[in-house]
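Quick note: the sequence shown uses the working numbering, first residue 304, plus one each step. All residues carry an ideal CB built from backbone N, CA and C; glycine is no exception.
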Amino acid sequence: MAYSDQTLVFIRHGEKPDNDSGQLTCKGLNRALALPNVLINQFGKPDALFAAAPKQSKLGNSLRSLQTISPIAIKTSLPIHLQFHAKEVKELREALLSKKYENAVIFIAWEHDNLVKVARDIMKRVGGDPKLIPKWKSNDFDSIYILKIIRDGDNKSVTFEQRQQGLDSVSEVCPN
């Protein structure tokens, strides 16, 4: 097996309203519009984008993950993979760890509790300590969780890093 370097960049969807609309708030929209510059400046142009698929059967089915990553898709002209719902952790893990993405930078927008489950599951699968990945606080929309997976022959290593987007001060007023 050859050398490969994979970077998984997990972000939570933007801020949400107190109702079941499934939408972002104006602040969440402004965060989403600012994300392309923040993430691309830190990680380069991604090779793939994933977002939790909206569930048609759920009232107020959440579009937030899709809305959050859409400006990145527009800026990079990349499709958004929407084959998995928020709770389909194992399926997402398998897709992210597939051979197709072994040398990829992937941005993943997801619901925060299931995002942590996916990250911990990947960490464990690759031989790291899942306890290194902290719980995502319910009021935190600014964190970035990063898994860096290095494969070199039969050896695998994984590191976890937490960063901030630095976007908590974006406007709460919708753009015109």
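- Between Val312 and Ile409, the gap from beta carbon to beta carbon is short of 8 Å.
- Annotation: the continuous beta strand (DSSP E) that includes Ser446 extends over Ser446 to Asp455.
- Lys459: member of the beta strand (DSSP E) spanning Asn458 to Gln467, first to last residue.
- Taking C-beta atoms as the reference points, Ala412 and His384 fail to come closer than 8 Å.
- Gln309 is positioned such that its CB atom lies no closer than 8 Å to that of Glu391.
- Annotation note: the region 352-438 contains the following uninterrupted alpha helix (DSSP H) runs of length 4 or greater, listed N- to C-terminal: 367-379, 392-399 and 415-428.
- Residue environment for Ile425: buried (at least 16 other C-beta atoms within 10 angstroms of its C-beta).
- Note that the C-beta distance between Ser441 and Gln465 is not below 8 Å.
- For Val341, the secondary structure class from DSSP, reduced to helix, strand or coil, is helix.
- The distance from the Cβ of Leu327 to that of Ala335 is about 7 Å, consistent with a contact at the 8 Å cut-off.
- Closest in alpha carbon position to Arg423, among Asp443, Val461, Asp455 and Asn479, is Val461.
- The C-beta separation of Ser368 from Glu414 comes to about 7 Å, placing the pair in contact by the 8 Å criterion.
- Between Ala337 and the set Leu400, Ser373, Asp323 and Lys420, the nearest pair of CA atoms involves Ser373.
- For Glu394, the number of other beta carbons within 10 angstroms of its own is below 16, and it is reported as exposed.
- Lys459 is not a Cβ neighbour of Ile449, given a cutoff of 8 Å.
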